[in-house]
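> In my numbering, the protein residues as written are 1 to 249.
All residues carry an ideal CB built from backbone N, CA and C; glycine is no exception.
Here the structure is a predicted model, which is why all the values come from computation and not from measurement.
Structure below; questions to follow.
See the structure below:
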């Protein structure tokens with residue numbers, strides 16, 4: 001019995017969390033690369049040889065010299081530039097490869113990736129961490145906690161839960177009367193989009209298993225999978241009627 005909607009949400013959260021981490025690492029790597037690039041850059045003057053103006057972009061062909069060797073390149077100018085042919089402009093080149101110009105394009109890309117990683121992380125990482133903690137809590141309760149069989153009381157819609165196709169998730173409420181102190185305890189399950197009414201009616205289930213922390217009764221887990229029998233009990237007489245030997249006779 002799997003709640004595909006909840007599982008898909010958790011999977012989506014996991015994927016986008018890892019995506020945010022990958023984007024963050026990528027942007028940091030690009031910043032480091034840019035830092036190294038700047039350390040190995042050489043700022044020089046270049047002479048404009050021609051200007052090409054378009055409606056939204058102005059570029060210029062330039063020539064420059066490094067170690068008395070001539071190189072040519074292209075730079076982007078502002079549309080309202082006052083520079084003209086034969087004027088000087090400043091450029092950066094790789095000192096180990098002067099034919100390669102260094103621009104700020106990498107910084108812009110890295111900043112965009114960093115912003116995207118932060119936005120994605122803010123949206124998905126908190127829920128991812130919450131899911132991890134909850135899974136760890138459930139494992140702890142199943143391995144170390146007490147378990148009881150509580151009576152099913154009701155199923156109600158959680159109007160504060162996250163909707164799916166404009167439908168609220170549901171929770172199962174159950175009750176247990178402790179014979180030792182004669183007190184009644186009420187437990188609520190986590191959100192689910194399973195058709196609990198149909199499951200309970202199908203298997204004629206009256207009880208549900210609850211795992212409880214031995215030291216803190218407010219820390220518990222209502223195991224909805226216990227609503228479904230672990231094995232299907234078949235009437236032996238009905239089974240014998242279906243055996244091949246009986247059919248042959």
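Tell me which residues share the same chain as residue 88 and place their Cβ nearer than 8 angstroms to its Cβ, disregarding the 5 neighbours each side in the sequence.
Hits under 8 angstroms: 45, 46, 47, 48.
> Using 10 angstroms around the beta-carbon of residue 67, count the other beta-carbons present and answer buried if the total reaches 16, otherwise exposed.
With fewer than 16 Cβ atoms within 10 Å of its Cβ, residue 67 is classed as exposed.
> For residue 68, does the three-state DSSP call read helix, strand or coil?
Looking at residue 68 - three-state DSSP - the assignment turns out to be coil, as it is neither helix nor strand.
> List the DSSP bridge partners of residue 155.
For residue 155, which the question treats as bridged, DSSP gives the partners 172.
> Can you tell me whether DSSP reads residue 162 as helix, strand or coil?
In the structure shown, residue 162 sits in coil (DSSP, three-state: anything other than H, G, I, E or B).
> Reducing DSSP to helix, strand and coil, say where residue 10 ends up.
Helix.
> Report the CB separation of residue 251 from residue 150 in whole angstroms; it is logged as a contact under 8 angstroms.
Because the chain is modelled from 1 through 249, residue 251 falls outside the range shown and cannot be assessed.
> When you compare the CB positions of residue 109 and residue 1, do they come within less than 8 angstroms of one another, or not?
Not in contact: residue 109 and residue 1 (Cβ atoms no closer than 8 angstroms).
> What does DSSP give as the partner residues of residue 41 in its beta bridges?
According to DSSP, residue 41 bridges with 94.
> Measuring alpha carbon to alpha carbon, tell me which of 213, 117, 132 ends up nearest residue 143.
Answer by Cα proximity: 213.
> Does any residue of chain C bring its CB to less than 8 angstroms from the CB of residue 88?
Looking for chain C here will not work: only one protein chain is present.
> By the DSSP assignment, the alpha helix (DSSP H) with residue 197 in it spans what residues?
Counting along the chain, the alpha helix (DSSP H) containing residue 197 begins and ends at 196-203.
> According to DSSP, residue 101 sits in a beta bridge with which residue or residues?
Answer is 93, bridged to residue 101.
> Among all the DSSP beta bridges, which residues are the ones paired with residue 47?
The partner list for residue 47 (beta bridge, DSSP) reads 63, 88.
> Give me, in chain order, the residues of the same chain whose beta-carbon lies closer than 7 angstroms to that of residue 164; leave out the 5 immediate sequence neighbours on both sides.
The answer, listed in chain order, is 5, 193.
> Beta strand (DSSP E) containing residue 209: first to last residue?
Segment 207-212, the beta strand (DSSP E) holding residue 209.
> So what's residue 148 in DSSP terms, helix, strand or just coil?
Looking at residue 148 - three-state DSSP - the assignment turns out to be strand.
> Looking only at C-alpha atoms, which of 117, 210, 113, 90 sits nearest to residue 76?
When only C-alpha atoms are compared, the closest one is 90.
> Taking 8 angstroms as the cut-off, decide whether the C-beta atoms of residue 58 and residue 74 are in contact.
Cβ distance not < 8 angstroms, so residue 58 and residue 74 don't count as in contact.
> Residue 3: which of 216, 199, 112 sits nearest, CA to CA?
Ranking 216, 199, 112 by Cα distance to residue 3 puts 199 first.
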